[in-house]
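A.B. asks: Dumping the structure here so I can ask a few things about it.
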Amino acid sequence: MNFEELARQTAQELFDGTAVIFLGAGASMGDDSERADGKGVPGSSALTKAIANRFGIELKYDADGNLLNALRPIASLAVKERDESTVKKYVIDQIRRRCGVPLKAHMALASVNPHTIITTNYDDLYETAAREAGQHLEKVVRPDQLPRLPQYCPRLLKLHGDLEAPDRIVLTGADYRKWQREAGGFKDKVVATLQESVCIFVGYGVGDETLHDILNIIEGNLGDSSLITLRARARSGRGAGRRVGGHGRVRQRRRDRVLRARGQGIPDPWTSAV
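Here the sequence shown stands for residues 8 to 281, where the numbers follow my numbering.
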């Protein structure tokens, strides 16, 4: 499938309401021009270096100068050096000071107003973009909020917490193991979404820790061949009865938004469809 075909298919899935967006850190880092203007939040490598510098942890680099350490283990070491609350507040402070101005990716997505966005990001850039676009958005940061969501209301599921509650973000290895034990509702929602919808990953790199978290949920619940199966399900049209936006007026509004967003251009290198 070439890029034009992928773009057409993605737009159609968004129009039909059968696509779910998984929003990764790359979307919040911004493109080159946005970063040159001082926009965008720090990515995992920048946060890893900042934590190591702040809490006196030695980092390792390869012969080409590439960072070998990942964010989660370095954050875990920092917590041993200082208390957990201090480390998490420091991380959120690094992100909060670069929030407030949504980036092109967030504005394009908000103009489409997808029914479901799932993210492991802490920042509030998409929430700001949705608010500026006049869209109502339900933010979900705890699994117990899921049963109370209105059926057709757009929602943002923040799997690893957000900047409004620094002490509850999923940052260290211990946090993630606790999340695995206690976030059953979120994991069930991710699995159900993957079974019922076409999933579009925006802002994830192949080495992204949080992408691997999501893939581990898929493999742990659906098996090794799940991505292939999900692709077949999406192409065959099974699960169409659960599509959101079946009413004509909702579908027409979504079509108009998709066309406008395609004109604005969600950053192409960041996007892939499952």
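A virtual CB, placed ideally from N, CA and C, is assigned to each residue, including glycine.
Nothing here was measured: the structure is a model prediction, and the numbers come from that model.
With DSSP run on the structure shown, which of helix, strand or coil describes Ile64?
C.D. replies: The answer is coil: DSSP assigns Ile64 none of H, G, I, E or B.
A.B. asks: For the candidate residues Val119, Trp186 and Lys96, whose alpha-carbon lies nearest to that of Pro150?
C.D. replies: The shortest C-alpha separation from Pro150 is found at Trp186.
A.B. asks: Would you kindly work out how many angstroms separate the C-alpha atoms of Thr25 and Arg89, rounded to a whole number?
C.D. replies: The straight-line gap from Cα to Cα measures roughly 45 angstroms.
A.B. asks: Using only alpha-carbon positions, find the residue among Phe29, Gly45 and Gln16 that is nearest to Tyr133.
C.D. replies: Answer by Cα proximity: Phe29.
A.B. asks: Go through the stretch 101-173 residue by residue and report every complete run of the beta strand (DSSP E) that reaches 3 residues or more, in order.
C.D. replies: Fully enclosed beta strand (DSSP E) runs of 3 or longer: 123-126, 145-147 and 162-165.
A.B. asks: Nearest to Thr93 by alpha carbon, out of Leu75, Ala172, Cys160 and Gly141?
C.D. replies: Here the closest residue by C-alpha is Ala172.
A.B. asks: Please report the residue range of the beta strand (DSSP E) in which Leu30 lies.
C.D. replies: That run of the beta strand (DSSP E) goes Ala26 to Leu30.
A.B. asks: Just the Cα atoms here: how many angstroms apart are Lys146 and His122?
C.D. replies: Between Lys146 and His122, the C-alpha separation is close to 12 angstroms.
A.B. asks: Could you give the distance in angstroms between the alpha-carbon of Arg42 and the alpha-carbon of Asp169?
C.D. replies: Answer to the nearest angstrom: the Cα atoms are 22 angstroms apart.
A.B. asks: Using alpha carbons as the reference points, say which of Leu54, Val27 and Leu84 lies closest to Ser204.
C.D. replies: Comparing Cα-Cα distances from Ser204 to each of Leu54, Val27 and Leu84, the minimum goes to Val27.
A.B. asks: DSSP beta-bridge partners for Leu74?
C.D. replies: Answer is Tyr68.
A.B. asks: Run the CB neighbour count on Gly31, radius 10 Å, all protein chains shown included, and call it buried at 16 or more, exposed below.
C.D. replies: The residue in question, Gly31, is buried, as its Cβ has 16 or more Cβ neighbours within 10 Å.
A.B. asks: Counting Cβ pairs closer than 8 angstroms, one from the stretch 52-60 and one from the stretch 78-89, do we hit at least three?
C.D. replies: At 8 angstroms Cβ cutoff, the stretches touch.
A.B. asks: Using a Cβ-Cβ cutoff of less than 6 angstroms, which residues in the same chain neighbour Val48 once the five nearest sequence positions on both sides are dropped?
C.D. replies: Ser35, Ile102, Arg105 and Asp130, listed in sequence order.
A.B. asks: Out of curiosity, what's the CA-to-CA distance linking Ala177 and Lys194?
C.D. replies: Rather than Ala, the amino acid found at residue 177 in this sequence is Val. Roughly 14 angstroms separates the two Cα atoms.
A.B. asks: Is it right to say Ser118 is buried, meaning 16 or more other beta carbons lie within 10 angstroms of its own, or is it exposed?
C.D. replies: Ser118 comes out buried.
A.B. asks: On a CA-only basis, which of Gly212, Ala140 and Pro161 is nearest Leu21? Give me that one, please.
C.D. replies: Looking at the Cα atoms, Pro161 is the closest of the given residues.
A.B. asks: Check whether the Cβ atoms of Asp38 and Lys111 lie closer than 9 angstroms to each other.
C.D. replies: Taking 9 angstroms as the Cβ cut-off, Asp38 and Lys111 qualify as a contacting pair.
A.B. asks: Under a three-way DSSP split, which group does Val257 fall into?
C.D. replies: At Val257, the pLDDT of 37 sits below 50, so the modelled position is not reliable; the number obtained from the coordinates is stated separately. Helix at Val257.
A.B. asks: Give every residue of the same chain whose Cβ lies closer than 6 angstroms to the Cβ of Leu166, excluding the five residues on either side of it in the sequence, and list them in chain order.
C.D. replies: Taken in chain order, the residues that qualify are Thr127 and Phe193.
A.B. asks: Would you mind reading off the limits of the alpha helix (DSSP H) that contains Ala199?
C.D. replies: Where Ala199 is concerned, the enclosing alpha helix (DSSP H) stretches over Gly191 to Glu203.
A.B. asks: Note the first and the last residue of the continuous alpha helix (DSSP H) segment covering Arg42.
C.D. replies: Per DSSP, Arg42 belongs to the alpha helix (DSSP H) from Asp39 to Ala43.
A.B. asks: Under three-state DSSP, which class holds Glu20?
C.D. replies: Helix at Glu20.
A.B. asks: Which whole-angstrom value describes the C-beta separation of Ile207 and Leu164, a residue pair presumed to lie in contact below a C-beta threshold of 8 angstroms?
C.D. replies: Not really, about 15 angstroms apart at Cβ, beyond 8 angstroms.
A.B. asks: Check whether the Cβ atoms of Val86 and Ala18 sit closer than 9 angstroms, and answer yes or no.
C.D. replies: Result no, Cβ atoms of Val86 and Ala18 do not sit closer than 9 angstroms.
A.B. asks: Could you have a look at Leu84 and say whether DSSP puts it in helix, strand or coil?
C.D. replies: Helix at Leu84.
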